[in-house]
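A.B. asks: First, the structure itself, so that you have it in front of you.
In this note's numbering, the protein residues as written are 1109 to 1314.
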């Protein structure tokens, strides 16, 4: 049990006070996070083509209510952040937190990660762009292979259809005209494909 009552100048009091302030900070952040993510989902659903008028109207009313709730939660969060000396959020910044990781970086942890280079949103965005560039290079290699396959497929199909027309003509089949029409359509389509492929051949990385 307690030997004596804690006072504000005692380390135990200060440690407990910081613990409760941190807990309040995390709870208000979780509340704010949930409201913002719910708002993002509602905005996404409102923009879907299959959403009817009545549902859009209902979502619009919910968004207005949600905005007020977010403002109240944001006010409580900033009060808790101020008590801990943590960065506060502005109302105009909250809609930009589209990733849960943005909120997780604000949470209290054993080591303060806010000053780490990767905790900077600019650095994380740069890393994201770098990864997208790497994936784009990989996709470019795959597309180069697909282009070669498409050229080979068009050539093979045209040869096959031409040989089939000759065979059907020799057999005096009624399907000869249908296959000739099919080949004619394929040739027109492939001509368009080949014009695009010629442009791809001119690219430096093909």
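The beta-carbon is built from N, C-alpha and C at its ideal position, and this holds for glycine as well.
Everything numeric in this text was worked out from a predicted model, so none of it was measured.
1) Is it buried or exposed for residue 1127, if we count other Cβ within 10 angstroms and need 16 for buried?
2) Within 8 Å, do at least three Cβ pairs link the region 1132-1140 to the region 1171-1190?
3) Are residue 1269 and residue 1291 touching if we call contact CB-CB under 7 Å?
4) Pull up the CB-CB distance for residue 1177 and residue 1133, whole angstroms please, since I reckon it's below 8 Å.
5) Just the Cα atoms here: how many angstroms apart are residue 1275 and residue 1288?
6) In chain order, what residues of the same chain lie with their CB nearer than 6 Å to the CB of residue 1196, ignoring the 5 residues before and after it?
7) Assuming residue 1266 and residue 1298 are in contact, meaning their beta carbons sit under 8 Å apart, how far apart are those beta carbons, in whole angstroms?
8) Check whether chain D comes within 7 Å of residue 1302, counting only Cβ atoms and requiring the distance to be less than that.
9) In the DSSP assignment, the alpha helix (DSSP H) including residue 1277 goes from what residue to what residue?
10) At the level of alpha carbons, what is the spacing between residue 1096 and residue 1175?
11) Could you give the C-beta distance for residue 1192 and residue 1136, rounded to a whole number, given that I count them as a contact under 8 Å?
12) Can you tell me where the alpha helix (DSSP H) with residue 1284 in it begins and where it stops?
13) What is the DSSP secondary structure of residue 1196, reduced to helix, strand or coil?
14) Tell me whether residue 1157 sits in a helix, a strand or coil according to DSSP, three-state version.
15) Where does residue 1191 fall in DSSP's three states?
16) Leaving out five residues before and five after residue 1272 in sequence, what residues of the same chain have Cβ atoms less than 8 Å from its Cβ?
17) Taking all protein chains shown into account, do 16 or more other C-beta atoms lie within 10 angstroms of the C-beta of residue 1077, making it buried, or fewer, making it exposed?
18) My guess is that residue 1255 and residue 1308 are in contact by the Cβ rule of under 8 Å, so how many angstroms apart are they, rounded?
C.D. replies: Reading from the atomic positions:
1) exposed
2) yes
3) yes
4) Contact flag wrong, Cβ pair sits at about 19 Å.
5) 12 Å
6) 1186, 1189
7) 7 Å
8) The chain labelled as chain D is not found in the depicted structure, where only one protein chain is given.
9) 1229-1278
10) Missing from the structure shown is residue 1096; the chain here goes from 1109 to 1314 and no further.
11) With a Cβ gap of about 11 Å, residue 1192 and residue 1136 do not count as contacting.
12) 1284-1309
13) coil
14) Note that residue 1157 scores a pLDDT of 49, beneath 50, so its modelled location is shaky; the value from the coordinates is reported in the next line. Residue 1157: coil per DSSP, three-state reduction.
15) helix
16) 1287
17) Residue 1077 is absent from the structure shown; the chain starts at 1109 and stops at 1314.
18) 6 Å
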